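Student:
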Amino acid sequence: MTTAISATGTNVRPNRIVVLPGDGIGPEISAATLAVLDVANERLEPRLEFETHEIGLSRLAKDGSTFPKSVFEAAQRADGIITGPVSHSDYPDRAAGGINVSSELRKTLDLYANIRPSRSREGLPHWGRTGMDLVIVRENTEGFYSDRNMHWGVGEFMPTPDLALSVRKVTAEASRRIALAAFELAAQRRKKVTAVHKVNVIKISEGLFLREVRKVAAEFPGVKYEEQLIDSMAALLVRDAARFDVVVTTNMFGDIISDEAAELSGSLGLAGSLNAGDHHCMAQAQHGSAPDIAGKDLANPTSLILSAAMLLDWLGRRKKATSYVRAAAAITEAIDEALVQPASRTPDLKGTVGTRAFGALVAEHVRRKLAQG
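Right, dumping it as structure tokens:
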């Protein structure tokens, strides 16, 4: 591991970032993201040090696993992780080497908070009746997702050929800590939290979730608290998304409505996503691997660039590194500046700029902003 000399003359260890480009368009959008981070890195203290590892289908063909143990160990040691989209639906069973990298890291590194902002932007159409500026805080380690509900094995099984069962897991501990994450975030924003649930039908597990969220709400008297059924929430995101600030919910509900909110705000390709725990953090594009356009320089890298900015912000606040927080804000503002001009948009937004050129354009905006201080 190298060291750098800080402005005070002391040795400072760089923050090591493990980059896992993934499948499909993953390598292309990862390269564009690194182009932006390389520019930001000129102003960071301490610097970032990048370490790239191949994962996914190409790694499976070479080594018999989509996610070898050596790569996991590198991610575990890292200060942060950047993961491109993966084609896990095309992976073989785990016994044949098909490990869902995203799910594996969320579970093994206890990345319990999936933070997904959705925001409408000047100059870009949004598809709901109102604009929005909200953040969905999704519990990431249990719920209806049976691949992360058991100590050993999978919580989905077939006692007979015609009967399939799936176990839902909700714990007080996981519910409380995701609620804390939501209220702490809301305290820095517009001071409102909406808990989304289905307690009228799933009375016991949803009741436990809401019990813990309400306890946390009582600890934040300065934050307004409300509850919405998942049914009405899906409709309200279309009709009146402007009313929401921070939304907290369980795993599957959060997965669905965060995609809905992102698309309504303009495009799923414009939404960042952070998977954070108490000790580890992973930036990840919110969209899929889009193999149909892979290798064609057509992919929009905005989601992964914004996710990387969120990782910088997480590192900066955790390590009290103000240059990281400034760089994160500069990247977010640079994305807005690029997207406001139709001529600098990617093809999915009816523009003509390719993946590499868009990354370079955002990088130059970042360079200018950071030079201005």
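Counting from 1 along the sequence shown, just add 1 to a position and that's the residue number in the working numbering. Positions of the beta carbon are idealized from the N, C-alpha and C atoms, including for glycine. The model shown is predicted, which means the values in this text are computed figures rather than measured ones.
1) Tell me whether N201 is buried or exposed, calling it buried when 16 or more other Cβ atoms sit within 10 Å of its Cβ.
2) Quick check: the Cα distance between G144 and A187, rounded to an integer number of angstroms?
3) Please give the ranges of any alpha helix (DSSP H) in the segment 83 to 124, keeping only runs that are unbroken, at least 4 residues long and fully inside the region.
4) Relative to the alpha-carbon of D279, which residue among S71, Q77, E46, S104 has its alpha-carbon at the smallest distance?
5) Looking at the secondary structure, which residues open and close the alpha helix (DSSP H) in which K193 lies?
6) Quick check on the DSSP output: the beta strand (DSSP E) that includes V247 runs from which residue to which?
7) In chain order, what residues of the same chain lie with their CB nearer than 6 Å to the CB of A376, ignoring the 5 residues before and after it?
8) I need the straight-line Cα distance from A236 to R212, nearest angstrom please.
9) Hey, out of G27, R357, G99, whose CA is closest to A33's CA?
10) Any contact of the segment 43 to 51 with the segment 245 to 257, i.e. 3+ C-beta pairs under 8 Å?
11) Assuming the contact rule is C-beta atoms closer than 8 Å, R177 and V224 should be a hit. Round their C-beta distance to whole Å, please.
12) What would DSSP say about G273, mapped onto helix, strand or coil?
13) The beta strand (DSSP E) with M311 in it runs from where to where?
14) Short check: CB of R139 to CB of R117, under 8 Å?
15) Would Q373 be called buried (16 or more neighbouring beta carbons within 10 Å of its own) or exposed?
16) Going by DSSP, what residue range makes up the alpha helix (DSSP H) through T333?
17) Would you be able to state if there are at least three C-beta pairs under 8 Å between the segment 339 to 358 and the segment 121 to 133?
18) Roughly how many angstroms separate the alpha carbons of P230 and E207, rounded to a whole number?
19) Whole angstroms is fine: what's the gap from R17's alpha carbon to G273's?
20) Would you call the segment 260 to 276 and the segment 284 to 304 touching, i.e. three or more CB-CB distances under 8 Å?
21) Can you give the Cα-Cα distance for M234 and S266, rounded to whole angstroms?
22) Do S66 and I26 have their beta-carbon atoms positioned less than 8 Å apart in this structure?
23) Between the alpha carbons of V363 and L110, how many angstroms are there, rounded?
24) Consult DSSP for M159 and reduce its assignment to one of helix, strand or coil.
25) Please identify the residue among A339, A196, V326 whose C-alpha is closest to the C-alpha of E227.
Tutor: Quick answer:
1) exposed
2) 23 Å
3) 102 to 109
4) Q77
5) Looking at the DSSP string, K193 is not in any alpha helix (DSSP H); the run it does join, the beta strand (DSSP E), is 193 to 198.
6) 247 to 250
7) Nothing can be reported for residue 376, as the shown portion of the chain is limited to 2 through 374.
8) 25 Å
9) R357
10) no
11) That belief does not hold up - the Cβ atoms of R177 and V224 are roughly 16 Å apart, past 8 Å.
12) coil
13) No beta strand (DSSP E) holds M311; the alpha helix (DSSP H) holding it covers 303 to 320.
14) yes
15) exposed
16) 323 to 341
17) yes
18) Note that residue 230 is Leu in the sequence shown, not Pro. Cα-Cα distance, rounded: 11 Å.
19) 21 Å
20) yes
21) 15 Å
22) no
23) 31 Å
24) strand
25) A196
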